[in-house]
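Protein chains in written order, with the numbering used here: chain A, 15 to 193; chain B, 255 to 453; chain C, 374 to 525.
Worksheet: one structure, shown below.
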Amino acid sequence: MLEFILERGNYWAIIGLMMIGLYTLFAATNLIKRLVGLSIFQTSIILFYISLSRIDGGTAPILYGKDAKSHGGGHGEEAAASHAADATHAAPDAAQNAVDAAHGAASHGMEHVYSNPLPHVLMLTAIVVGVATLAVGLAIVVRIREAYGTIESDEIREMDLDVALAEYAEDHPGEANPA
Amino acid sequence: MTGYEGANLAIALINVVLLGLLFVSAIAIARMRSLFAIVMLSGIYSLISATWFVALDAVDVAFTEAAVGAGISTALLLGAMLLTSRTAKPEKGKSTIIPLFVVIATGCMLVYATIDLPAFGDPDSPANTYVGTDYIERTPQEIGVPNIVTAVLASYRGFDTLGEVGVVFSAALAVILLLGFGERSLSATIGRKKGGRDG
Amino acid sequence: MSQKTDHHVILRVVAKPLIPIIALFAFYVQFHGDYSPGGGFQAGVILAVAVILYSLIFGITPAMRAVPPVFTRSLAAIGFLLYGGVGVWALLMGGNYLDYDALFNEPPGGHDGQHYGILLIELGVLLAVAGSMLSIFYAFAGRVTEIKDEDW
């Protein structure tokens, strides 16, 4: 039971953070505070993805040691040049070797354990897109401030309602107020 | 299932401390009324989560979060705050009950869903077995770049990244459409009137 | 963003040598993205941060004179076009869109196409992100502030 809780404690903590962000988003009337709540929500989802990608005993997904050298990855230029030279001498042979190497890697794996790089890539771009959307949201908030003189959503709603009622009274003279 | 026994105690301790700090700053943001303090705390929140990304072996994500989340977003939030207001209205007691109820219900459902999730750090979980390990194994032969994240970002998923760059570019366009080029202050101080060039 | 920087002497003295180092670090992050954490996104943001720091300390007008807004928005467009252009280059060489192996028509096993392809598209990302972020910052900072400095 304790082990079960320890294995999932991270997820629960992240869900707690997510809910605090969601609460700020719902309860705050100030639009900038709402956007901050939205970014807390977004950051906790990123935390969730990254904790799913972690592997016990793993390391950052940057090849090092034998993994980088033996496959000609480490220092690009010389390795690539020697590969190219091999290929021109005996092209079919080299291609066969590459296929063999690929099979070998798939069967006995790498020297070190690396954490899963795919969620890292997706979340990296999500962070940058997140700041771009935050900027658009803030720009809209600035325009709302210039148009209404306030950034509290309940005040904006009241002003909109007043305008709508005034327009209705103008279009239908003599009728009772719908509100 | 490897279980939690193998995990390093130090890492577990770091996780607890950093998560505690994240909780403190998130609750402070939810309760604060001064927008300046909220913006600064959101920068701190980003920085702490960047530290936690390092502990979770996601160095590239940590780097991005530190530069983007703690740097640019804080600057943009401050700029927007200067143009709008400095304090938020306090939430009325009545209007916080429904959000609280909705949030607690959603949280309980999500916690219930985590029962089916693989354990934290499980190497055999579905997320960590198929395509992720494939990228790790094929990068040395096919791309020849040590940083697997760069290889996946720029080469295997080049289309994705092209789309992201397009999103950032169009966000800049949208902000320019909404706020103008920002050359008003420049032309005002230099004394060179630019007429209707900025919106 | 304040025009009165008289009482910020220490800030100015500290920031002046720091700004070129930040810009240099951006290029280090950019060109070591293959071997260490980093890449175009991070480098672009750090490069933008160098200019933003300059404008926070010395005022928005000198920053706009040093890095004009028209330059930043063209930079964003050039970066995006550079990224797309690498894909078109691969198309012209007979490969698929953004297939870097086709760039130099190498025999299998060669990594030159991948290396140069990644280098070029990361450069595109750098330019696009730095240009976009600076354009966004200028759009916010260039608006006339309603809150006076004394109110703080």
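Where is the CB? At the ideal position from N, CA and C, for every residue including glycine.
Review point. Can you list the beta strand (DSSP E) stretches of 3 or more residues lying completely in the stretch 486–524 of chain C, in chain order?
Key: If you keep only unbroken beta strand (DSSP E) runs of at least 3 residues inside the stretch 486–524 of chain C, you get nothing at all.
Check your understanding: Just checking, does the stretch 302–310 of chain B make contact with the stretch 270–278 of chain B on the three C-beta pairs under 8 Å criterion?
Key -> yes
**Study point:** Length of the line joining the Cα atoms of residue 394 of chain B and residue 78 of chain A
**Key:** Walking along the second sequence from the start, residue 394 of chain B turns up at place 140. Walking along the first sequence from the start, residue 78 of chain A turns up at place 64. The straight-line gap from Cα to Cα measures roughly 11 Å.
Practice item. Whole angstroms is fine: what's the gap from residue 459 of chain C's alpha carbon to residue 140 of chain A's? Key: Mapped onto the third sequence, residue 459 of chain C falls at position 86. Mapped onto the first sequence, residue 140 of chain A falls at position 126. Rounded to whole angstroms, residue 459 of chain C to residue 140 of chain A spans 23 Å at the Cα level.
Review point. For residue 109 of chain A, which residues of its own chain have a beta-carbon under 7 Å away from its beta-carbon, when the five flanking residues on both sides are left out?
Key: Reading the first sequence from its first residue, position 95 is the one you call residue 109 of chain A. Its pLDDT being 44, under 50, residue 109 of chain A is placed unreliably by the model, and nothing is read from it.
Exercise for review: Establish whether the CB of residue 401 of chain B and some CB of chain C are separated by less than 8 Å.
Suggested key: Translated into the one-based positions of the second sequence, residue 401 of chain B becomes position 147. Yes, because at least one Cβ of chain C sits closer than 8 Å to the Cβ of residue 401 of chain B.
Check your understanding: Can you give, in chain order, each stretch of the alpha helix (DSSP H) that sits fully within the stretch 383–425 of chain B and has at least 4 residues?
Key -> Counting whole runs of 4 or more residues, the stretch 383–425 of chain B contains the alpha helix (DSSP H) stretches 385–396 and 402–405.
Review point. Got a sec? Which residues, its chain only, sit under 6 Å from residue 331 of chain B by beta carbon, not counting five neighbours each side?
Key: Counting from one through the second sequence, the residue named residue 331 of chain B turns up at place 77. 293.
Practice item. Could you spell out where the alpha helix (DSSP H) holding residue 438 of chain C opens and where it closes? Key: The residue labelled residue 438 of chain C in the question sits at position 65 within the third sequence. Unbroken alpha helix (DSSP H) run through residue 438 of chain C: 433–439.
Review point. Taking the runs of the alpha helix (DSSP H) that are 4 residues or longer, which of them lie wholly in the stretch 258–329 of chain B?
Key: 263–285, 289–309 and 313–318
Point to revise | Paired residues, beta bridge with residue 76 of chain A - DSSP | key: On the first sequence, residue 76 of chain A is found 62 positions in, with the first residue counted as 1. Residue 76 of chain A has B/401 as its beta-bridge partners, per DSSP.
Exercise for review: Note down the Cα distance separating residue 430 of chain C from residue 179 of chain A, rounded to an integer number of angstroms.
Suggested key: The sequence position of residue 430 of chain C within the third sequence is 57, counting from 1. The sequence position of residue 179 of chain A within the first sequence is 165, counting from 1. Roughly 48 Å between the two C-alpha positions.
Review point. Would you say residue 381 of chain C reaches chain B, if we count a Cβ-Cβ gap shorter than 8 Å as a contact?
Key: On the third sequence, residue 381 of chain C is found 8 positions in, with the first residue counted as 1. No, its Cβ sits nowhere closer than 8 Å to a Cβ of chain B.
Review point. Name the DSSP bridge partner or partners of residue 44 of chain A?
Key: Locating residue 44 of chain A in the first sequence gives position 30, where the first residue counts as 1. The partner list for residue 44 of chain A (beta bridge, DSSP) reads A/166.
Point to revise | Counted within 10 angstroms of its Cβ, other Cβ atoms place residue 73 of chain A as buried (16 or more) or exposed | key: Locating residue 73 of chain A in the first sequence gives position 59, where the first residue counts as 1. By the neighbour-count rule (16 or more Cβ atoms within 10 Å), residue 73 of chain A is not buried but exposed.
**Study point:** residue 324 of chain B burial status per 10 Å Cβ neighbour count (16 or more: buried)
**Key:** The sequence position of residue 324 of chain B within the second sequence is 70, counting from 1. The residue is buried, with at least 16 neighbouring Cβ atoms inside 10 Å.
**Study point:** Own chain partners of residue 416 of chain C with C-beta closer than 6 Å, once the 5 adjacent residues on each side are dropped
**Key:** Here residue 416 of chain C corresponds to residue number 43 of the third sequence, with the count starting at 1. Excluding residues within five positions, the ones whose Cβ falls inside 6 Å are 399, 402, 403 and 499.
Check your understanding: Is it buried or exposed for residue 349 of chain B, if we count other Cβ within 10 angstroms and need 16 for buried?
Key -> The count along the second sequence starts at 1 and reaches residue 349 of chain B at position 95. Per the 10 Å Cβ criterion, exposed.
**Study point:** Distance, residue 457 of chain C Cα to residue 511 of chain C Cα
**Key:** Locating residue 511 of chain C in the third sequence gives position 138, where the first residue counts as 1. Locating residue 457 of chain C in the third sequence gives position 84, where the first residue counts as 1. About 26 Å.
**Study point:** Cβ-based neighbour list, residue 504 of chain C, same chain, cut-off 7 Å, excluding 5 preceding and 5 following
**Key:** Position 131 of the third sequence, counted from the first residue, corresponds to residue 504 of chain C. Once the five neighbours on either side are set aside, the close Cβ partners of residue 504 of chain C are 445, 446, 448, 449 and 452.
**Study point:** Helix, strand or coil at residue 122 of chain A [DSSP, three-state]
**Key:** Taking the first residue of the first sequence as position 1, residue 122 of chain A is located at position 108. Confidence at residue 122 of chain A is low in this model, with a pLDDT of 42, below 50, so the placement of that residue is unreliable and no value is reported for it.
Check your understanding: Given residue 58 of chain A, which residues of its chain have a CB within under 7 Å of its CB, disregarding the five upstream and five downstream residues?
Key -> The sequence position of residue 58 of chain A within the first sequence is 44, counting from 1. 28, 31, 32 and 35.
Practice item. Would you verify that the beta carbon of residue 186 of chain A is, or is not, closer than 8 Å to some beta carbon of chain F? Key: Absence of chain F from the displayed structure is noted, the protein chains being A, B and C.
**Study point:** Presumed contact (8 Å Cβ cut-off) between residue 137 of chain A and residue 25 of chain A, rounded CB distance
**Key:** Within the first sequence, residue 137 of chain A is the residue found at index 123, counting from 1. Within the first sequence, residue 25 of chain A is the residue found at index 11, counting from 1. About 16 Å separates the two Cβ atoms, so there is no contact after all.
Practice item. Note down the Cα distance separating residue 388 of chain C from residue 382 of chain C, rounded to an integer number of angstroms. Key: Along the third sequence, one-based indexing puts residue 388 of chain C at 15. Along the third sequence, one-based indexing puts residue 382 of chain C at 9. Annotation: residue 388 of chain C to residue 382 of chain C spans about 10 Å, alpha carbon to alpha carbon.
Check your understanding: For the stretch 407–419 of chain C, which residues have a beta carbon sitting closer than 7 Å to at least one beta carbon of chain B?
Key -> 407, 408, 409, 410, 411, 412, 414, 415, 418 and 419
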